[in-house]
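Peer 1: The sequence shown begins at 708 in this note's numbering and counts up by one.
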Amino acid sequence: MILSKIGLLLFPKAIFSLPVLGKKMIYLTFDDGPTPEITPWVFEILEKHQIKATFFLLGNEIVKNPEFLPLYNIKGHQIGNHGFEHFDGWRTDKNQYLENILKNKNQIASNLFRPPYGRITPAIYKTIKNQFKIIFWNKMIGDYKPKIISESEINHFLKKLKNGDIIVLHDNKKSFHNLKNILPMIIEYGKKNHFEFGIIEN
Ligand SMILES: [Zn+2]
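This is the structure:
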């Protein structure tokens with residue numbers, strides 16, 4: 708939360724949360740896919756609960772798994788750009804960084820961009836802010852960490868959810884040991900507490 712406040716000062720056009728007046732809206736986002744071993748599982752669980760989500764796709768992974776690209780649209784999910792390669796915005800030249808996003812834009816029709824590692828420099832921000840809708844997040848549980856996140860830690864995370872929260876998750880291989888527990892719990896908690904699950908508009 709504090710991070711997103713600092714982020715808004717540095718990057719005023721970037722999005723960290725999207726509250727909708729009078730609603731309890733939350734947004735599930737999945738980074739780093741498509742992953743043939745994981746993404747179908749995510750699709751299935753979302754479909755079972757009739758929930759739509761936003762997927763930030765890596766160009767490299769689309770090239771390896773092109774059959775996935777049409778599926779997001781068919782299933783009613785939103786897609787966004789996560790770069791062709793997973794570049795670190797603190798260690799990449801701004802022109803190279805922009806080229807990397809544009810290279811992925813050749814494959815996916817979306818103006819949404821999520822910076823890998825959730826970080827960019829002010830110089831990169833200036834370079835891309837008018838071409839892309841930059842989507843960060845304000846809720847992260849760390850599904851990608853090697854440590855298994857316990858049920859009570861997940862519950863603690865869930866209790867803080869509020870209208871407008873953008874939750875970052877990962878449909879990559881290194882997160883599945885946690886994602887498989889976290890995603891069903893978020894959905895169950897959300898439904899029970901009358902949250903709506905939204906997609907981020909392009
Ligand atoms: Zn990523």
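Beta carbons: idealized from backbone N, C-alpha and C, even for Gly.
(1) Between the region 813 to 825 and the region 782 to 793, do at least 3 Cβ pairs fall closer than 8 Å?
(2) Compare the Cα-Cα distances from Pro726 to each of Met847, Asp872 and His877 and report the closest residue.
(3) Could you tell me which of His901, Ser882, Gln785 and Lys730 sits nearest to Ile842, measuring between CA atoms?
(4) State the Cα-Cα distance for the pair Leu716 and Asn788, rounded to the nearest angstrom.
(5) Go ahead and label Glu744 buried or exposed: buried means 16 or more other beta carbons lie within 10 angstroms of its beta carbon, across all protein chains shown.
(6) CB of Pro773 to nearest heavy atom of ligand 1: below 7 Å?
(7) Tell me whether Pro823, by its Cβ, gets closer than 7 Å to a heavy atom of ligand 1.
(8) Going by CA-CA distance only, name the one from Asn909, Gly783, Phe864 and Leu819 that's closest to Asn888.
(9) Kindly indicate the opening and closing residues of the alpha helix (DSSP H) around Val727.
(10) Taking 8 Å as the cut-off, decide whether the C-beta atoms of Lys846 and Ile874 are in contact.
(11) Give the list of continuous alpha helix (DSSP H) stretches no shorter than 4 residues that lie fully inside the region 809 to 888.
(12) Taking DSSP as the reference, what is the three-state secondary structure of Asn900?
(13) Where DSSP assigns a beta bridge to Ile648, which residues make up the other side?
(14) Count the other CB atoms within 10 Å of the CB of Trp649; is the residue buried (16 or more) or exposed (fewer)?
(15) Would you say Asp878 touches ligand 1, meaning its beta carbon is less than 7 Å from a heavy atom?
(16) Assuming Leu766 is part of the alpha helix (DSSP H), what are its boundary residues?
Peer 2: This is what the structure gives:
(1) Taking a contact to require three or more Cβ pairs closer than 8 Å, the region 813 to 825 and the region 782 to 793 qualify as touching.
(2) Ranking Met847, Asp872 and His877 by CA distance to the CA of Pro726 puts Asp872 first.
(3) Gln785
(4) 23 Å
(5) It is exposed - the Cβ of Glu744 has fewer than 16 other Cβ atoms within 10 Å.
(6) no
(7) True, at least one ligand heavy atom lies under 7 Å from that Cβ.
(8) Phe864
(9) Element bounds for Val727: n/a, residue is neither H nor E.
(10) yes
(11) 829 to 835 and 858 to 866
(12) Reduced to three states, the DSSP call for Asn900 is coil.
(13) For the chain, the structure presents residues 708 to 909; residue 648 sits outside this window and is missing.
(14) Only positions 708 to 909 of the chain appear in this structure, which leaves residue 649 out of reach.
(15) no
(16) Note on residue identity: the sequence assigns Gly, not Leu, to residue 766. First-last of the alpha helix (DSSP H) with Gly766: Gly766 to Lys771.
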